[in-house]
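Sequential numbering of the sequence shown, starting at 82, is according to the working numbering.
As structure tokens, the structure follows; a few thoughts come after it.
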Amino acid sequence: MTMSAKKEEKDEEMIIDTLDIISDTKKEKKIDEDDLADLPACGAKTVDKLKDCGYTSYMALATADPKTVAEVAEIGEATARKIIQGARNRIDMGFETGLDALKRRKEVNKLTTGSKTFDDLMGGGFETSAITECYGAYGSAKTQIAHQLAVNVQLPKSKGGLEGNVLFIDTENTFRPERIIEMAEAKELDTNDVLKRIFVARAYNSDHQLLLVEKAKEIIEEKNIKLIIVDSMMAHFRSEYIGRGTLADRQQKLNKHLHELQKLGDTFKICIYITNQVMAKPNVLFGDPTEAIGGHIIGHTSTFRIYLKRSKKDLRIVKLVDSPNLPDGQTIVRVTRDGIVDE
Ligand SMILES: Nc1ncnc2c1ncn2[C@@H]1O[C@H](COP(=O)(O)OP(=O)(O)OP(=O)(O)O)[C@@H](O)[C@H]1O
Ligand SMILES: [Mg+2]
């Protein structure tokens, strides 16, 4: 067997292990469990079905949409509405004052990128409860950043980590354990330990990608997941939906997917990192003739948008193009064997 075939086999084994973990957790006890039988119109059968589909808490139900709940629990939409309303009544979903919002903002944690200037650009790092999107051409370091974050999230808070683990949804088969080892060694971490805390799931098509995110809520608390990576967000969508006729379907599905991710970020106060590709804009004469794909939906749902561009040698230009609270700006980082570092 050649080296690369061996490596692929190893990767495949690791991914299969992770998928097993994801499905196994269904059988284990959930941490975030409420008494669903207490809800209106919620018989024992419905409770079982809801739990099977990951709706184990009032919060998960309160933020779900009736169509999906009706579908998964095989009940009518009116009943689903009643259940959701019941769940909403049981949690505090009212308005908050600006002061409360400020308090909530203080609970936001920041995950280090590995580069001080990149962190500064982001106001301290990638935020929890937010989606951060990096887009750029091939080789611009989107996947390198994904690997780096997967290592950094495990660091103690004093070192810019979130003391948690990571769910890595890999759509392009570009997750490389060897690369994690290099980055972990650079931080003098136990490489096996670091790898054990990264749950890789290979998504084979866009439906599978959606399913993995839907299933994610079953393992987030149990596996102490603090970061979800989707690398790349658009690859499957791009290849499966060709031609304008299917564009509306694609956008609908993409919208659902992004909102699901956003909900996970909000509910569990975790960091979401997605990568995106670019396409050429043929009508641009001046400036950079590329733009992110996925249309307005991704742009509007991502909390932070970063454009990455190759520069000389191992340098990458990092440009913050959209943020709700930070000025646009740019910096330069270096991609080395050790990972993402300052210029
Ligand atoms: N071990 C390493 N040491 C140093 N640099 C590396 C190493 N591995 C990869 N790189 C750098 O990272 C680049 C690949 O970046 P990356 O895979 O993140 O691109 P990407 O933006 O994800 O592209 P794509 O759109 O193809 O997915 C390589 O071209 C190389 O410059
Ligand atoms: Mg990549």
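Even glycine gets a Cβ: it sits at the ideal position worked out from N, Cα and C.
Here the structure is a predicted model, which is why all the values come from computation and not from measurement.
- Collapsing the DSSP output to three states places M360 in a strand.
- DSSP, reduced to helix, strand and coil, places Q332 within a helical segment of the structure shown.
- About 24 angstroms separates the CB atoms of D312 and D409; that is not less than 8 angstroms, and the two are not in contact.
- A straight line joining the alpha-carbon of I226 with that of P258 spans about 14 angstroms.
- Rounded to whole angstroms, L407 and G380 show a C-alpha spacing of 16 angstroms.
- Here DSSP, grouped into helix, strand and coil, assigns R257 to coil.
- Per the Cβ contact rule, the region 299 to 313 is in contact with the region 240 to 248 (3 or more Cβ pairs under 8 angstroms).
- Counting C-beta pairs with one atom in each stretch, the region 326 to 335 and the region 346 to 359 have fewer than three that are closer than 8 angstroms, which means they do not touch.
- In terms of side-chain proximity, the C-beta atom of D251 is found no nearer than 7 angstroms to any non-hydrogen atom of ligand 2.
- Excluding its 5 nearest sequence neighbours in each direction, R162 has C-beta neighbours in its own chain below 8 angstroms: P147, listed in chain order.
- In this structure, the CA atom of M360 is about 17 angstroms from the CA atom of E253.
- Relative to the non-hydrogen atoms of ligand 2, the Cβ of T213 never comes closer than 7 angstroms to any of them.
- Residue pairing from DSSP places I355 in a beta bridge opposite E214, V311.
- With contacts defined by Cβ atoms closer than 8 angstroms, N286 and H317 form a contacting pair.
- Collapsing the DSSP output to three states places Q343 in a helix.
- Taken through DSSP and simplified to helix, strand or coil, N246 comes out as strand.
- V189 is the residue among I355, A222, V189 whose C-alpha sits nearest the C-alpha of S210.
- Relative to the non-hydrogen atoms of ligand 2, the Cβ of K197 never comes closer than 7 angstroms to any of them.
- Around the beta carbon of E208, a 10 Å sphere encloses 16 or more other beta carbons of the protein chains shown; the residue is thus reported as buried.
- Beta-carbon to beta-carbon, A231 and I310 are separated by about 7 angstroms, close enough to satisfy the 8 angstroms threshold.
- If you draw a straight line from the Cα of S239 to the Cα of E158, it is about 48 angstroms long.
- In the three-state DSSP reduction, A267 falls in the helix class (H, G or I).
- Uninterrupted beta strand (DSSP E) stretches at least 3 residues long and entirely within the region 143 to 227 occur at 211 to 217, given in chain order.
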